[in-house]
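Chemist: Below you'll find the structure I mean.
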Amino acid sequence: MFYLVAVERVIDIEAVRSTIARVGPLAPLAYVAVSALLAAIFVPGPLLAAGSGVLFGPVLGLVVTLTSTAVTATIAALVGRRAGRDSARSLIGEEWSRRIDVQIHRNGLWAVVGQRFIPGISDALASYAFGAFGVPLWQMAVGALIGSAPRAFVYTALGASISDLNSPLAYAAIGVWCVTAIIGVFAAHRGYRSWRTQRRDSRRPG
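Going by our numbering, the sequence shown opens with residue 3, and the numbers climb by one from there.
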């Protein structure tokens, strides 16, 4: 967000939005494609979502962000599927591979949703791994949409509010971010406890 504040000081945001509006429906479609590809090569999602808010406003920007998120997850899953399970295991390690196997076996869709709430895990990297472990593409797309919705709103809304960070929209985004962060901490803690339990059980003799 510091980056966007700096940009806002040197670029006329309203002029940029007017130019985008004149381009018509091709502008959001082009941004979806470019943003999805950039996210797939690990460009930070919050920056891309904020850019969407800056360019398209809070409503269309959110649609663009979520569409891009689903496309990114699908692209990464396809690449992961081509790379195969062994490549994923070597990339993320045996412990994480075992965890992902268990989560996918239980419910692949909600495993994708849950991952989006856990802080510190790259969405693109997780999507590659999920694809390699065989999560269906529709579950990747839908799971990414559901799990990413809160964060997508946060960063898109902040981008859209860059000219007035004291607006109700900006405060709403910060509130949602706080709730999402709390949920993420609980999800990470629960996942860690589950992993420790599975690890302890696997080490018990016969």
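Virtual Cβ for every residue (Gly too), placed ideally from N, Cα, C.
Verify whether the separation of the beta carbon atoms of A42 and A78 is less than 8 Å.
Modeler: yes
Chemist: Can you list, in chain order, the residues of its chain with a C-beta nearer than 8 Å to that of V34? Leave out the 5 residues immediately preceding and following it.
Modeler: If the five residues before and after V34 are omitted, its C-beta is found closer than 8 Å to the C-beta atoms of V66, T69, S70, V73, all from its own chain and listed in chain order.
Chemist: Out of curiosity, what's the CA-to-CA distance linking R24 and L80?
Modeler: 35 Å
Chemist: Given a threshold of 16 other Cβ atoms within 10 Å of its Cβ, counted over all protein chains shown, does L50 qualify as buried or as exposed?
Modeler: Buried is the call here.
Chemist: Under 8 Å by Cβ, that's how I've got T158 and A75 pegged, so tell me the actual separation to the nearest angstrom.
Modeler: The beta-carbon separation of T158 and A75, rounded to 17 Å, does not stay under the 8 Å limit for a contact.
Chemist: For R153, count neighbouring Cβ atoms within 10 angstroms of its own Cβ and tell me buried if that reaches 16, exposed if not.
Modeler: Buried, since its Cβ has 16 or more Cβ neighbours within 10 Å.
Chemist: Within the 8 Å Cβ cut-off, does I184 reach chain B?
Modeler: Considering every chain present, this structure includes no chain B. It has just one protein chain.
Chemist: Over what stretch of residues does the alpha helix (DSSP H) that includes P152 continue unbroken?
Modeler: 139-162
Chemist: What is the DSSP secondary structure of V45, counted as helix, strand or coil?
Modeler: coil
Chemist: Let me make sure I understand the geometry here. Which of V181, L57, L93, R91 has the alpha-carbon closest to that of S37?
Modeler: Comparing Cα positions, the closest option is L57.
Chemist: Threshold first: 4 residues or longer. Then list the alpha helix (DSSP H) segments lying entirely within the region 70-100, N to C.
Modeler: 87-94
Chemist: By the 10 Å Cβ neighbour count, where 16 or more other Cβ atoms means buried, how is G122 classified, buried or exposed?
Modeler: G122 is exposed by the Cβ-count criterion.
Chemist: Please tell me whether G82 and A134 are closer than 8 Å, where the distance is taken between their beta carbons.
Modeler: yes
Chemist: Leaving out five residues on either side along the sequence, give the residues of the same chain with a beta carbon under 8 Å from the beta carbon of A172.
Modeler: A159, L160, S163, D166
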